[in-house]
Amino acid sequence: MAGLSALLMLGCIGAMHLVAAAGLTDPVPVYWWTLACGAGITTVFVLIRSGASRRFADPSLTLFQIVYVIAGPARGIAPPILAVIMMFGVFGLTPRQMVGVALYGLVAFGAAGAVVQWWHPAWLSPDSQPPALSAAYLVMIAVVLASSTFLTTRVHSARARLRSQKRELAAAVEQIRELAIRDELTGLPNRRCMLEMMRLEHARAQRSRQPLLLAQLDLDHFKAVNDTHGHAAGDVALQSFAQTVHGCVRASDLLARWGGEEFLLLMANTHPADGTRLLERVRATVAATPVALPGGTQLSLTVSVGLAELAPGESTAALLQRADAALYGAKRLGRNRVLLAH
Numbered sequence: 011m012a013g014l015s016a017l018l019m020l021g022c023i024g025a026m027h028l029v030a031a032a033g034l035t036d037p038v039p040v041y042w043w044t045l046a047c048g049a050g051i052t053t054v055f056v057l058i059r060s061g062a063s064r065r066f067a068d069p070s071l072t073l074f075q076i077v078y079v080i081a082g083p084a085r086g087i088a089p090p091i092l093a094v095i096m097m098f099g100v101f102g103l104t105p106r107q108m109v110g111v112a113l114y115g116l117v118a119f120g121a122a123g124a125v126v127q128w129w130h131p132a133w134l135s136p137d138s139q140p141p142a143l144s145a146a147y148l149v150m151i152a153v154v155l156a157s158s159t160f161l162t163t164r165v166h167s168a169r170a171r172l173r174s175q176k177r178e179l180a181a182a183v184e185q186i187r188e189l190a191i192r193d194e195l196t197g198l199p200n201r202r203c204m205l206e207m208m209r210l211e212h213a214r215a216q217r218s219r220q221p222l223l224l225a226q227l228d229l230d231h232f233k234a235v236n237d238t239h240g241h242a243a244g245d246v247a248l249q250s251f252a253q254t255v256h257g258c259v260r261a262s263d264l265l266a267r268w269g270g271e272e273f274l275l276l277m278a279n280t281h282p283a284d285g286t287r288l289l290e291r292v293r294a295t296v297a298a299t300p301v302a303l304p305g306g307t308q309l310s311l312t313v314s315v316g317l318a319e320l321a322p323g324e325s326t327a328a329l330l331q332r333a334d335a336a337l338y339g340a341k342r343l344g345r346n347r348v349l350l351a352h
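Residues 11 to 352 in my numbering are what the sequence shown lists, from first letter to last.
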């Protein structure tokens, strides 16, 4: 944008030098104006290129670049140039700043026109511009500034709405993503998320030859909880169980709800002895933590756990099947226990 603004200013400089070469204005002020504009362009380039402008509230220096005004006997070429300059404001200025720029342009152009008329009055110089034509130029400048400001503020409002809609869309996408990978009841990762994580951890374990454990946890006699206390109480029990287990496992472990009252725990870079000790702590904590149901009823829960270690060349489906077989083995042995598959 700074480069485009510099090209626009160079075009303005070229136009003014053509006017001076045609004898329509005094070339000396044009030369001084060219020097000032060149200094402004160079300053903007140096500040932006060096990164120094990033410390400013307006890093693109839009407001600084936009306040150049062309005046003199050839000021009739100013309206279209001003219209283009004002359009730059939509990319970096607030509506209040745009109004300020418009007022600045109107005052500056009016003052410049007044000075020119006073310096070369029509009654003193036959070739001077009539006051009525100068007034017409000023009116046209006002029209251009007002319309440009109106249009750019409308565009600014549209861009603000688009930014707001983009934020809302991003939030909605994030919410949809969370719904896609999170269990709505417990807040844990769901089956889809766990399948993806199992695939990734399986590939990592195969590459690094680090141990990978998969545990399947199942609440004992959970159907009786639903039948006796109702499904609402069952939901409370599942939420409480998820919180209890999550508080026992490590940050590197992944606990997910697999379905119903079944949960999976994925433990990367963990040896079977360490995994068994962790799961025994989980089992004991669940048994020692009664669930407070609505109405003040206390519900005791126990959990059976099947644990399996990934074997070389084994698939995730086979690993899950061995963990499931170990879980049913724990239930056959009396429940409320951890069983390691062999």
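Built from N, CA and C at the ideal position, the CB exists for glycine as well.
Top-ranked residue by Cα proximity to residue i, from the options
{"i": "Gly115", "options": "Ala146, Val153, Leu248", "result": "Val153"}
{"i": "Thr163", "options": "Tyr147, Val111, Gly120, Glu194", "result": "Val111"}
{"i": "Leu20", "options": "Arg171, Lys341, Thr52", "result": "Thr52"}
{"i": "Ala327", "options": "His212, Ala146, Pro37", "result": "His212"}
{"i": "Ser70", "options": "Leu34, Ala16, Trp42, Val40", "result": "Ala16"}
{"i": "Leu274", "options": "Thr280, Met150, Asp228", "result": "Asp228"}
{"i": "Asp263", "options": "Gly269, Gly285, Glu272, Glu271", "result": "Gly285"}
{"i": "Arg201", "options": "Leu148, Glu272, Val149", "result": "Glu272"}
{"i": "Leu45", "options": "Gly24, Leu34, Arg342", "result": "Gly24"}
{"i": "Leu311", "options": "His166, Lys233, Thr280", "result": "Lys233"}
{"i": "Leu155", "options": "Gly123, Val165, Phe119", "result": "Phe119"}
{"i": "Arg106", "options": "Leu148, Gly240, Ser167", "result": "Ser167"}
{"i": "Arg287", "options": "Ala124, Gly270, Trp268, Cys258", "result": "Cys258"}
{"i": "Ala67", "options": "Thr104, Arg267, Glu194", "result": "Thr104"}
{"i": "Trp268", "options": "Ala170, Gly240, Ala225, Ala49", "result": "Ala225"}
{"i": "Glu290", "options": "Thr299, Leu309, Ala146, Val313", "result": "Val313"}
{"i": "Leu198", "options": "Gly270, Met150, Asp230", "result": "Gly270"}
{"i": "Leu148", "options": "Ala294, Leu113, Leu161", "result": "Leu113"}
{"i": "Gly48", "options": "Ser60, Cys22, Ala181, Ser63", "result": "Cys22"}
{"i": "Asp193", "options": "Leu265, Asp230, Leu28", "result": "Leu265"}
{"i": "Asp230", "options": "Leu161, Leu343, Leu172", "result": "Leu343"}
{"i": "Pro221", "options": "Leu172, Met150, Thr280, Thr196", "result": "Thr280"}
is_contact[residue i, chain B] using C-beta, thresh 8 Å
{"i": "Ser63", "result": "Within the model displayed, chain B is absent; a lone protein chain is all it includes."}
Anticipated Cβ contact below 8 Å, residue i with residue j, distance rounded
{"i": "Val365", "j": "Thr159", "result": "Within the shown structure, residues of the chain are numbered from 11 to 352, placing residue 365 beyond reach of any answer."}
{"i": "Leu329", "j": "Ala340", "result": "Not quite, the Cβ-Cβ distance comes to about 17 Å (not below 8 Å), so this is no contact."}
{"i": "Ala297", "j": "Asn236", "result": "No, Ala297 and Asn236 are not in contact; Cβ-Cβ is about 20 Å, not under 8 Å."}
{"i": "Met277", "j": "Leu189", "result": "With a Cβ gap of about 26 Å, Met277 and Leu189 do not count as contacting."}
{"i": "Val255", "j": "Val292", "result": "5 Å"}
{"i": "Ala351", "j": "Leu317", "result": "7 Å"}
{"i": "Ile191", "j": "Cys203", "result": "4 Å"}
{"i": "Ala12", "j": "Val54", "result": "6 Å"}
{"i": "Met26", "j": "Trp43", "result": "7 Å"}
{"i": "Val40", "j": "Ala30", "result": "4 Å"}
{"i": "Thr307", "j": "His239", "result": "7 Å"}
Host alpha helix (DSSP H) of residue i (start-end)
{"i": "Glu206", "result": "201-218"}
{"i": "Ala335", "result": "326-342"}
{"i": "Ala321", "result": "It is not in any alpha helix (DSSP H) - Ala321 carries neither H nor E in the DSSP assignment."}
{"i": "His3", "result": "Absent from the structure is residue 3, since the part of the chain shown begins at 11 and ends at 352."}
{"i": "Phe59", "result": "Before going further, note that residue 59 is Arg rather than Phe in the sequence given. Its alpha helix (DSSP H) spans residues 37-60."}
{"i": "Ala243", "result": "241-258"}
{"i": "Leu18", "result": "12-31"}
According to DSSP, residues forming a beta bridge with residue i
{"i": "Gln226", "result": "Leu274, Gly316"}
{"i": "Val348", "result": "Val315"}
{"i": "Val301", "result": "Leu309"}
{"i": "Arg192", "result": "Pro199"}
Element boundaries [beta strand (DSSP E), containing residue i]
{"i": "Leu265", "result": "264-269"}
The ligand FAD heavy atom lying under 7 Å from the CB of residue i
{"i": "Ala351", "result": "Although the ligand FAD was asked about, the structure shown includes no ligands whatsoever."}
- Query: Counting pairs of Cβ atoms below 8 Å between the segment 209-220 and the segment 319-338, do you hit three or more?
  - Reply: Judged by Cβ distances under 8 Å, the segment 209-220 makes contact with the segment 319-338, as three or more pairs qualify.
- Is there contact here, the segment 194-211 with the segment 289-303, by at least three beta-carbon pairs under 8 Å? With the cut-off at 8 Å, the segment 194-211 and the segment 289-303 do not touch.
- Message: Pairs of beta-carbons, one from the segment 177-185 and one from the segment 244-256, closer than 8 Å: are there three or more?
- Response: For the pair of segments examined, the segment 177-185 was found not to touch the segment 244-256: the number of CB pairs separated by less than 8 Å stays below three.
- Message: Check whether the segment 234-247 and the segment 331-338 touch, using three or more Cβ-Cβ pairs below 8 Å as the test.
- Response: Too few Cβ pairs lie closer than 8 Å, so no.
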